[in-house]
Structures are given as C-alpha cells and as structure tokens.
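From first to last, the protein sequence lines stand for chains Z and F. Note that the first sequence covers residues 1 to 334 in the UniProt record's numbering. Note that the second sequence covers residues 1 to 334 in the UniProt record's numbering. We put the CB at the ideal spot given by N, CA and C, even for glycine. Fair warning: this is a prediction, and the values are worked out from it, not measured in the lab.
Number of protein chains: 2
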Amino acid sequence: MATAREVAARAGTSTAVVSYVFNDGPRNVAPETREKVLRAAAELNYHPNALARALSFGKTRSIGLIVPDIANRFFGELARALEEAAAARGNLLLIGDSGLNPEREQSHVAAFVQRRVDSVVLVSLADDPDVAPFAEAAIPVIALHPLAAREGVSTISIDYKAAAGAATRHLLDHGYRTIAMFNGPSDSAGSRQHREGFELALSEHPEVAATIYNSQISRAHSAQVALDILARPDRPRAVYCSTDEQAYGVLFACHRLGLRVPDDVAVTGFDGTEHSAYSYPPLTTIRQPIPEIAERVVHLLTGDAANLPVYETAAFDLVVRESCGQHDESPAAP
Amino acid sequence: MATAREVAARAGTSTAVVSYVFNDGPRNVAPETREKVLRAAAELNYHPNALARALSFGKTRSIGLIVPDIANRFFGELARALEEAAAARGNLLLIGDSGLNPEREQSHVAAFVQRRVDSVVLVSLADDPDVAPFAEAAIPVIALHPLAAREGVSTISIDYKAAAGAATRHLLDHGYRTIAMFNGPSDSAGSRQHREGFELALSEHPEVAATIYNSQISRAHSAQVALDILARPDRPRAVYCSTDEQAYGVLFACHRLGLRVPDDVAVTGFDGTEHSAYSYPPLTTIRQPIPEIAERVVHLLTGDAANLPVYETAAFDLVVRESCGQHDESPAAP
DNA sequence: CTGAAAGCGCTTACAG
DNA sequence: CTGAAAGCGCTTACAG
Numbered sequence: 001m002a003t004a005r006e007v008a009a010r011a012g013t014s015t016a017v018v019s020y021v022f023n024d025g026p027r028n029v030a031p032e033t034r035e036k037v038l039r040a041a042a043e044l045n046y047h048p049n050a051l052a053r054a055l056s057f058g059k060t061r062s063i064g065l066i067v068p069d070i071a072n073r074f075f076g077e078l079a080r081a082l083e084e085a086a087a088a089r090g091n092l093l094l095i096g097d098s099g100l101n102p103e104r105e106q107s108h109v110a111a112f113v114q115r116r117v118d119s120v121v122l123v124s125l126a127d128d129p130d131v132a133p134f135a136e137a138a139i140p141v142i143a144l145h146p147l148a149a150r151e152g153v154s155t156i157s158i159d160y161k162a163a164a165g166a167a168t169r170h171l172l173d174h175g176y177r178t179i180a181m182f183n184g185p186s187d188s189a190g191s192r193q194h195r196e197g198f199e200l201a202l203s204e205h206p207e208v209a210a211t212i213y214n215s216q217i218s219r220a221h222s223a224q225v226a227l228d229i230l231a232r233p234d235r236p237r238a239v240y241c242s243t244d245e246q247a248y249g250v251l252f253a254c255h256r257l258g259l260r261v262p263d264d265v266a267v268t269g270f271d272g273t274e275h276s277a278y279s280y281p282p283l284t285t286i287r288q289p290i291p292e293i294a295e296r297v298v299h300l301l302t303g304d305a306a307n308l309p310v311y312e313t314a315a316f317d318l319v320v321r322e323s324c325g326q327h328d329e330s331p332a333a334p
Numbered sequence: 001m002a003t004a005r006e007v008a009a010r011a012g013t014s015t016a017v018v019s020y021v022f023n024d025g026p027r028n029v030a031p032e033t034r035e036k037v038l039r040a041a042a043e044l045n046y047h048p049n050a051l052a053r054a055l056s057f058g059k060t061r062s063i064g065l066i067v068p069d070i071a072n073r074f075f076g077e078l079a080r081a082l083e084e085a086a087a088a089r090g091n092l093l094l095i096g097d098s099g100l101n102p103e104r105e106q107s108h109v110a111a112f113v114q115r116r117v118d119s120v121v122l123v124s125l126a127d128d129p130d131v132a133p134f135a136e137a138a139i140p141v142i143a144l145h146p147l148a149a150r151e152g153v154s155t156i157s158i159d160y161k162a163a164a165g166a167a168t169r170h171l172l173d174h175g176y177r178t179i180a181m182f183n184g185p186s187d188s189a190g191s192r193q194h195r196e197g198f199e200l201a202l203s204e205h206p207e208v209a210a211t212i213y214n215s216q217i218s219r220a221h222s223a224q225v226a227l228d229i230l231a232r233p234d235r236p237r238a239v240y241c242s243t244d245e246q247a248y249g250v251l252f253a254c255h256r257l258g259l260r261v262p263d264d265v266a267v268t269g270f271d272g273t274e275h276s277a278y279s280y281p282p283l284t285t286i287r288q289p290i291p292e293i294a295e296r297v298v299h300l301l302t303g304d305a306a307n308l309p310v311y312e313t314a315a316f317d318l319v320v321r322e323s324c325g326q327h328d329e330s331p332a333a334p
C-alpha cells in the first residue's frame, strides 16, 4: 500500500501537503499543487491509513454498537438505521453482537475501548451493565433501553410503561377479560416497565383475570411456553407480548393448536418491525420509531459531548392490525 | 487513558517490557517484573491502544463483513456465526451493512481498506463486484455467493443449482404440474443458478407448466407480486422461492387471498434460517449450513493466506416441512 | 502557500 | 532478562 510519503515524493512535495489535500485543511494548498498530489495519489492508488490517521488525530470517526442479538429483526433494523445516520456524517458503525451471551457483551466493551471508538450505542443484556470501562476512557455512551441505575449514562427510549399500557388498554377495549402477559425472561428495568404498564391498565378493570409468564425473546421458546398455556381449558382470551418475536411464537402455537387468531385468542406484539405487517394474521403492535431514535442518537454522539448525558423519551405508535380483533368503529366486546 | 509509557514508569521498567507482558512475547519477562507491570496496569486502568498496536504490528486482527442487508435474517445469522468464529480466534468482526444500496457497499469497501482489516467476507449486491481495492491492498476476500468472474476471489457456497433442483424435484414428486418460480430481482450469477437448477429438474417433466417471476428479496415486494399472480384463475399449484423472505411474502399473499397452504398452493423457500420452522405453515426449504460455512471461512482467513484463493462447495439440506404438502411415506400426487 | 520535525502509542530487532 | 531507540503512517503547530 502506498503511503503519504511516497505520494509526496512523486508529487514533489511534503507529507504535510498530502495531508492538507486529503483533509481539506487545516492549511490551504495551491490549486496546481493539489492537482499534482491528487494525480500522484491516483497513480499510486493511495488510500490513507485510517489507523495512523486516528492515532495522530485522536478520533477514529467510528461509533460502536452493542446489541443482544443481531439476528433479531429489531436490532437488525436498528443497526441499519444507525449505520445510515452514521455514514451520513462520515462515521463508521462498528457492530458488536453479543449473541445473547453476557461475556461476549463484556468482550465487546473491552474491544471498543481498545479500538478507541469515539462513542457507543448500547443495548445491554444486563439490567445494570458495567460501563465503567467507557467512563474511564471518556467514551460517551447512549443506552437505548431503560437502565436500573442512571449514573451518568445517557438514555433514549420510548416510555415502555405508557406503551405497555396502551397495548393492554386496547385489548381491554376489545372486551377481553382473561389476559396473559408474555414478558421477557429476567427482572430487568425493561420488563419491569412492561409489567407496570400492563398492571396499571388492568387496575381499572378488577374483574379481569391476568397471569404473567416469562419467556425468552425467541420464537422457539415463546412458542414452547404458549403451547403449554394455550392447550389448557382455562386458556386466556388474549395475550400481551413484550416483543414481536414472542408474539410470533404465540401465533405459531395458536396455529399448532388449531386456535384461530383473533377469534379464539387475540395477540399483541411490541417493537413493530416491518415484518409485523406480514405475519398471519398481521400483528397489532407498538411501533418504536427506530429511524428517529437512530438519527437523534447519532446527532448527539457526533455533536458536542458537553450536551451529554441526556435522558430522552421517544414517541411510540400503537399500530392496530388484525391479531387483536375486529377493527370496528366501536371497539366493544366482540 | 493511561499509556504503556505511564505503566512502565510506575512499574519502574520500560515500554518494551510492558509490551512483552501484554503480548506474552516475543521475549520472556521475569515473574516479579511481570507482576509489577500487571499491578501498575491495573492501578492505572491501562487498555492497550489497538490502533497503535495495529499500526506497529501490521495486523488489525479484524475481519470485515459486507452484507446486502443486515436486517435480513439470513445475514443476521451469518453475522452472528462469523462473529463467534472470529472471536474464538481473537479477531473482531466489523460488519458493513450495504442496506441494499450499491454505493454504500462501495463505501464499505473503501472504509475497510482504509481501516486495514486483515481480510474480508463479502456478500455483494453486484453480480461482479469491484474488489480491486482489496486486491491492491493485498487483503484476502472470500465471497459467499457465486461470482460472475472468479478472478482470484475465493468462493465458498452451496451448489445453488443442485439445491434448486432438489427443491423443484420435491415439488414435482408431490405431483404438482403448474409451478411458478419466484427468483431474485437481477440477472445475477446466483439467480442464474437458481433458474438452471429449476429448469433442469423441470426438463424431466415436459408436461409441467412453469413460469418465472422476479421479485425483490423482501416480504413486502414478494407479497405484492404474489397477490397479483395468485389472484388469477390460472394460478400455479406450487411456488418455488429463491429465498425464505420471498416465501414468507407468498404465504402472506395466500392468506390474504383465502388460499390454503399447501392444499391450494404449495410453497418452498430457500436459506433455511431458524424462523422457517415458525411460519404458518412451517416452511419446506433448503437449509444453508451457516455455522459450518462461517467456521470454514474464518479458519481460512485467519490461517495461511498462501492457501487462498479457494473455491469450495458446502453441503445443503432439503428440510421438508408442511408448506409443500403432506409428508406421506409415498410422496405421490395429492 | 509549503516543509522539516515532533508526536500519537505501540512493537521489535538490536545490544547488553 | 531488560532497555534505548527506530519505525509503523499519519497530523499539525511552528517557521519560513
């Protein structure tokens, strides 16, 4: 690979000027000199070494993203949106996939510190992730989920409790009086907010029988749990799911058991990725504004760090489709 | 961030020794000295700067991955498997998502060259991607799809033609005599092989009426195309899809149109990600051996570059589920 | 407008 | 076993 030194030699100038040309500054370069440099660079196929540049400049122009599971559609859409927003500002997004393994997550934290990413977007597997390495390295972090302890870590997310309430209330408005909740596997801040929203909505309807179950965030496990619960004679009339993935598992179980959705069992999801419109039947769900969140996050992370930390709430939508029941003008008892 | 110099000073030794300790070589270090270094490093919270290390060492211990769309489950599972295999060898996987945008793909090529990844795993949007920048930088590339021109670029993939033939033959064995093919959008080497395998299988059955359609690799678009085709009176009895995503779109269209799968329309997919087992009905599909391919790719890429290029074929499975028809012992006409 | 030189934080022959 | 020093390929005050 050609170096700036070689380009400079061929152009009959110095490495300083090569740098000025490729960075459009910080000094001006005479038009002819610039031309000569560009020509020499093209002839030698010069690609500035980003490592050396970063080492010298002190910034890598890269943002690290840590997600629990990149194969999960929600995180895939998130990564795509962040990548786009980052690229628009000349930044590279480095994706670290934890693969649902907390140790892997920690190793990504270490890797990102060592690679000196400028900032980090974190969706942790842990309720209270250890972000000390980032703090010590003065690397700003924005978490996209509720954190147990907010010690200086920025947070941008929807109001899970309010969203959970909205979905639950929609089920209640349909007239369903036995409702199961499929919540996430652990007692995390996130699942706690789901539960609080769910229970708050139900508290207005003391006659409603509700049960809370936990399942992993995967179709496979959710299906397994649902297969058991929905086969019982006292199966719930409606199921609130804390993720679309879990909802797909419940839909699968319904089909397996010959139960019709929404006629026998109503289902709502949560996250609202594009695929939720293509399930059978299409899924009623809470849509998270992924592009807006991504744009906002990258804006903050590439801007003045003095504006951080930040604790922001993004707006969500309840997207009503067919999995929860008829869309009557009057959403009364079916 | 503490530097090796500061650690050395605190430990009363030199940066060379700090390096020897953190790299376990290339020179030995006396046990007490090592202890002192480790203690000083811990006290100062030292994290070696990977950029400086890479600049000096000449290797970044990172592998670049370029995929067409990270939100597509197939590429998500691929990224997850590659990440795992890379991590097992102390390498970081950098994921570049092209977001179905060829320009973005090219910018990832440039970014990876500038960041001096040690090697690249490529799934291109183009039939004949421009990998010259990698060649010039002496960065080995393994493509995971058939390439139009094999000019020195390694390739590891299943035999698409044989797999397409297997799926098509399965449909024929069920007795279906009008079969539509949903192929990818472009005239790429990949879609050509799908078509060849499809047509070769059909050539043994001149009585079969087959039509080939093209759709993008997305549920949304495939559903749209299928909604049109399957609403016609002369709709096909079976649909061969060149990806699971397209198959999900076809399933959606069937449900929308009130057609039963497989009783009215049989469907097969291609790729065989985990989700194919949870569709309604579960999808008959060709399963690609993602973990094996990932393992093999990373093994080759982190090994001796003299072994490259390589042109390998991985084994596939035909996974028979319910979307194609009854699983009788005797797969005859239904 | 341009160049010589120091410095970013490591690694590694080379001496000792 | 250990250290002084050169070098990886850039950027950027500092002079001119």
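Residue-level contact to chain Z via CB, residue i, 8 Å cutoff
| i | result |
| --- | --- |
| proline 48 of chain F | yes |
| glycine 99 of chain F | yes |
| histidine 221 of chain F | no |
| histidine 275 of chain F | yes |
| glycine 76 of chain F | yes |
| asparagine 258 of chain F | The sequence as given places glycine at residue 258 of chain F; asparagine does not occur at that position. False, the Cβ-Cβ gap to chain Z never drops below 8 Å. |
| glutamine 326 of chain F | no |
| alanine 30 of chain F | no |
| proline 331 of chain F | The pLDDT assigned to proline 331 of chain F is 42, lower than 50, so where the model puts this residue is not dependable, and the model offers no usable value. |
| leucine 125 of chain F | no |
Contact under 8 Å by Cβ, residue i with residue j
| i | j | result |
| --- | --- | --- |
| glycine 272 of chain Z | valine 319 of chain Z | yes |
| valine 297 of chain F | leucine 82 of chain F | yes |
| isoleucine 229 of chain Z | alanine 305 of chain Z | no |
| isoleucine 139 of chain Z | serine 157 of chain Z | no |
| glutamate 77 of chain F | glutamate 274 of chain F | yes |
| proline 26 of chain Z | valine 153 of chain Z | no |
| leucine 242 of chain Z | asparagine 183 of chain Z | In the sequence on display, residue 242 of chain Z carries serine and not leucine. In contact: serine 242 of chain Z and asparagine 183 of chain Z (Cβ atoms closer than 8 Å). |
| leucine 125 of chain F | proline 68 of chain F | yes |
| alanine 40 of chain F | arginine 5 of chain F | no |
| phenylalanine 270 of chain F | proline 289 of chain F | no |
| alanine 79 of chain Z | leucine 94 of chain Z | no |
Simplified DSSP state of residue i, which is helix, strand or coil
| i | result |
| --- | --- |
| valine 297 of chain F | helix |
| alanine 5 of chain Z | Before going on, a small fix: residue 5 of chain Z reads as arginine here, not alanine. Arginine 5 of chain Z: helix per DSSP, three-state reduction. |
| serine 222 of chain Z | helix |
| threonine 168 of chain Z | helix |
| valine 67 of chain Z | strand |
| phenylalanine 316 of chain F | coil |
| asparagine 307 of chain F | helix |
| alanine 247 of chain Z | helix |
| alanine 332 of chain F | Note that alanine 332 of chain F has pLDDT 43, beneath the 50 cutoff, so the model's placement of it is unreliable and the number below is only indicative. Coil at alanine 332 of chain F, not helix or strand. |
| isoleucine 290 of chain F | helix |
| threonine 13 of chain F | coil |
| glycine 325 of chain Z | coil |
| serine 19 of chain Z | helix |
| isoleucine 217 of chain Z | coil |
Classification of residue i by the beta-carbon crowding that lies within 10 angstroms, buried from 16 upward
| i | result |
| --- | --- |
| threonine 211 of chain Z | exposed |
| histidine 174 of chain F | buried |
| alanine 245 of chain F | This sequence places glutamate at residue 245 of chain F; alanine is not what is there. Buried, since its Cβ has 16 or more Cβ neighbours within 10 Å. |
| tyrosine 311 of chain Z | exposed |
| histidine 299 of chain F | exposed |
| alanine 8 of chain F | buried |
Chain F contact for residue i (CB, 8 Å cutoff)
| i | result |
| --- | --- |
| methionine 181 of chain Z | no |
| leucine 94 of chain Z | yes |
| asparagine 23 of chain Z | no |
| histidine 255 of chain Z | yes |
| tyrosine 20 of chain Z | no |
| phenylalanine 316 of chain Z | no |
Contact test: residue i Cβ vs the ligand ZN heavy atom, cutoff 7 Å
| i | result |
| --- | --- |
| serine 157 of chain F | Because no ligand of any kind appears in the structure shown, any question about the ligand ZN cannot be addressed here. |
Does the contact criterion of 3 or more C-beta pairs under 8 Å hold for the segment 53-69 of chain F versus the segment 27-43 of chain F? Taking 8 Å as the limit for Cβ pairs, the verdict is that the segment 27-43 of chain F does not touch the segment 53-69 of chain F.
When you compare the segment 107-120 of chain F with the segment 39-49 of chain Z, are there three or more beta-carbon pairs, one atom per stretch, that lie closer than 8 Å? With the cut-off at 8 Å, the segment 107-120 of chain F and the segment 39-49 of chain Z touch.
Can you find at least 3 beta carbon pairs, one from the segment 165-175 of chain Z and one from the segment 122-134 of chain Z, that sit closer than 8 Å? No: the two stretches stay apart, fewer than three of their Cβ pairs being nearer than 8 Å.
Would you call the segment 282-292 of chain F and the segment 221-236 of chain Z in contact, with 3 or more CB pairs under 8 Å? No, the segment 282-292 of chain F is not in contact with the segment 221-236 of chain Z.
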